[in-house]
Amino acid sequence: MSALQFAGFLVCVALASSLQNITGFALALILLGLTGLFELAPLPDVANVATVLSLANAAIQLRGTHKSLRWSAWRHTVSGSVFGVAAGVALLAWLSANVVMVLRLLLGVVVIACAIVVLVRTLPRATQSSGISFGGYGFLSGLLGGLFSASGPPLVYHFYRQPWDLDSLRDTLVASLAFGSLLRLALVIPTGQFSPRALWLSAVTVPLVMTITWWMRRHPPAWRRETVLKVVCGLLLVTGAGLIGPAVAALLR
Numbered sequence: 010m011s012a013l014q015f016a017g018f019l020v021c022v023a024l025a026s027s028l029q030n031i032t033g034f035a036l037a038l039i040l041l042g043l044t045g046l047f048e049l050a051p052l053p054d055v056a057n058v059a060t061v062l063s064l065a066n067a068a069i070q071l072r073g074t075h076k077s078l079r080w081s082a083w084r085h086t087v088s089g090s091v092f093g094v095a096a097g098v099a100l101l102a103w104l105s106a107n108v109v110m111v112l113r114l115l116l117g118v119v120v121i122a123c124a125i126v127v128l129v130r131t132l133p134r135a136t137q138s139s140g141i142s143f144g145g146y147g148f149l150s151g152l153l154g155g156l157f158s159a160s161g162p163p164l165v166y167h168f169y170r171q172p173w174d175l176d177s178l179r180d181t182l183v184a185s186l187a188f189g190s191l192l193r194l195a196l197v198i199p200t201g202q203f204s205p206r207a208l209w210l211s212a213v214t215v216p217l218v219m220t221i222t223w224w225m226r227r228h229p230p231a232w233r234r235e236t237v238l239k240v241v242c243g244l245l246l247v248t249g250a251g252l253i254g255p256a257v258a259a260l261l262r
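In this text, residue positions in the sequence shown follow the numbering used here: the first is 10, and each later residue adds one.
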């Protein structure tokens with residue numbers, strides 16, 4: 010990685026972390042999308058870095074929140090995530106070893122799909138969803154988390170439909186995503202899928218993310234959440250299109 014690529018990577022991390030603290034889910038998607046678009050680092054390495062950064066971010070966000078967690082929903086969600094993360098990590102290992110362009114194409118499709126899902130507005134439910142429903146969304150979230158460490162959108166869509174207060178929603182969402190990130194690390198490290206490059210990038214960027222999270226918790230921006238979501242989704246759509254175009258062109262050669 011050249012000095013210019015490293016500087017670009019730091020900028021992407023800072024932007025992704027800032028948006029994560031506003032939206033609750035954007036870190037991995039923005040980081041993977043931008044670094045993949047500008048080819049700053051291999052996608053499997055960036056996915057591993059995003060996993061570590063998500064855990065660092067959650068460690069600060071979850072302080073003193075155990076009373077607001079919806080434990081029953083959390084247990085069903087993470088039960089599904091266990092199987093989804095395992096399937097996603099296995100698929101990532103196969104794709105990165107055999108068809109790298111297909112991996113870039115798949116990432117572009119996932120980024121665009123996630124942007125569309127987040128933009129879809131749904132009315133809150135009158136009652137909480139069933140445990141099976143939480144488990145199903147947990148599996149889908151885990152699959153995306155295992156592949157790209159981008160497990161947020163399915164749970165964002167599902168959790169925001171529940172008749173919960175904002176604190177319960179946010180804290181249960183962060184706790185569910187943190188479990189998936191921890192599980193992903195437990196799978197990729199023993200199998201040798203966590204490279205020295207990913208370890209070095211994680212060590213360098215964790216202090217940056219934790220500093221940004223600490224600062225934004227004490228000085229939250231005055232932007233409207235809806236406006237930020239539209240900006241994030243617009244950025245995701247452009248990034249996804251930028252990933253899909255070159256990948257399709259390469260596969261058609």
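Yeah, the Cβ is synthetic: ideal placement off N, Cα and C, and Gly gets one too.
Find the nearest neighbour of residue i within the set the options, judged by alpha-carbon distance.
i	options	result
serine 185	Leu43, Val20, Phe15 and Gln70	Gln70
glutamine 171	Ser90, Ser150 and Ser139	Ser139
lysine 239	Cys123, Thr44, Leu191 and Ser77	Cys123
aspartate 54	Trp224, Ile253, Leu210 and Arg226	Leu210
glycine 144	Thr136, Trp83, Gly201 and Leu100	Trp83
leucine 101	Arg193, Arg226, Arg233 and Val257	Arg193
alanine 135	Val119, Ser105 and Trp173	Trp173
alanine 68	Leu196, Leu208 and Ser190	Ser190
histidine 85	Ile141, Ala99 and Lys76	Ile141
glycine 161	Val119, Leu175, Asp176 and Pro199	Val119
tryptophan 103	Arg227, Leu156 and Ser63	Leu156
proline 199	Cys21, Val20, Met10 and Ala99	Ala99
Less than 6 Å between C-beta atoms, sequence neighbours within five positions excluded: which residues of the same chain meet that for residue i?
i	result
alanine 65	Val215, Val218 and Met219
glutamine 14	Leu49
arginine 206	Asp54
Tell whether a beta-carbon distance below 8 Å holds between residue i and residue j.
i	j	result
phenylalanine 148	phenylalanine 203	no
glycine 89	glycine 151	yes
glycine 45	isoleucine 253	no
glycine 97	glycine 154	yes
isoleucine 39	leucine 244	yes
alanine 59	alanine 37	yes
alanine 56	leucine 196	no
leucine 164	tyrosine 146	yes
aspartate 176	serine 77	yes
Which whole-angstrom value is the C-beta distance of residue i and residue j, which I expect to be below 8 Å?
i	j	result
threonine 222	asparagine 30	6 Å
arginine 72	threonine 181	Arginine 72 to threonine 181, Cβ: 15 Å. No contact.
valine 87	phenylalanine 188	5 Å
alanine 250	methionine 110	Actually they do not touch by this definition, with Cβ atoms about 16 Å apart.
alanine 35	valine 183	No, alanine 35 and valine 183 are not in contact; Cβ-Cβ is about 13 Å, not under 8 Å.
tyrosine 166	valine 213	33 Å between Cβ atoms; not a contact.
Looking only at its own chain, which residues have a Cβ that is under 7 Å from the Cβ of residue i, when we skip the five neighbours before and after it?
i	result
phenylalanine 47	Gly17
leucine 246	Ile121 and Ala124
alanine 23	Leu217 and Ile221
Which same chain residues, not among the five before or five after residue i, have their C-beta less than 8 Å away from its C-beta?
i	result
methionine 225	Ser27, Asn30 and Ile31
proline 255	Arg113
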